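In the numbering used here, each number is its position in the sequence shown, counted from 1, plus 402.
Beta carbons: idealized from backbone N, C-alpha and C, even for Gly.
What you are looking at is a predicted structure, and each value in this text was computed from that prediction instead of being measured.
Here the structure is laid out as structure tokens; the discussion comes afterwards.
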Amino acid sequence: GFLIWLAGVIGLSYPLSIVDSLAFGSLLSAVDPVATLAIFNSLNVPEVLYTLVMGESVLNDAVSISLYRMFVSLEADDDHDTVSIAAVLLDFTWSFFGSIIIGILVAFGSACIF
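This is the structure in structure tokens:
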């Protein structure tokens, strides 16, 4: 995000505000591990490594969602007093554990159907 902002300041790209640049950077930081996991399947890597990469992906997505929401709320609030660390941590916790719970429910549902 900071490098995107800096590129805009020196004229290499479209100039964005620092908050917009950081929000964009937080979106880019969420990397989808589908290709990595597909390669892991073809190489028959240990299941522990597969699970660690999947868990890291969930953690990375939760951080990315929380940062994006924080930067968007900073952009909407001119005096920047409504965004707190506690709200960001609560959002992260909800995103992280919520995605795990949804994954477990979908897995159990799929197991029962198929």
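query                                                                                     : result
Cα-Cα separation, VAL421 to ALA513                                                        : 43 Å
Three-state secondary structure assigned by DSSP to TYR452                                : helix
With 16 other Cβ atoms within 10 Å as the buried cut-off, status of TRP407                : buried
Top-ranked residue by Cα proximity to LEU439, from ALA425, VAL455, SER468, VAL474         : VAL455
Cβ contact check for the region 462-471 and the region 497-516: 3 or more pairs under 8 Å : yes
Helix, strand or coil at LEU429 [DSSP, three-state]                                       : helix
Length of the line joining the Cα atoms of TYR416 and VAL490                              : 29 Å
Host alpha helix (DSSP H) of PHE498 (start-end)                                           : 487-515
Three-state secondary structure (DSSP) of ILE441                                          : helix
Whole-Å CB distance - SER468 paired with ASP493, under 8 Å assumed                        : 5 Å
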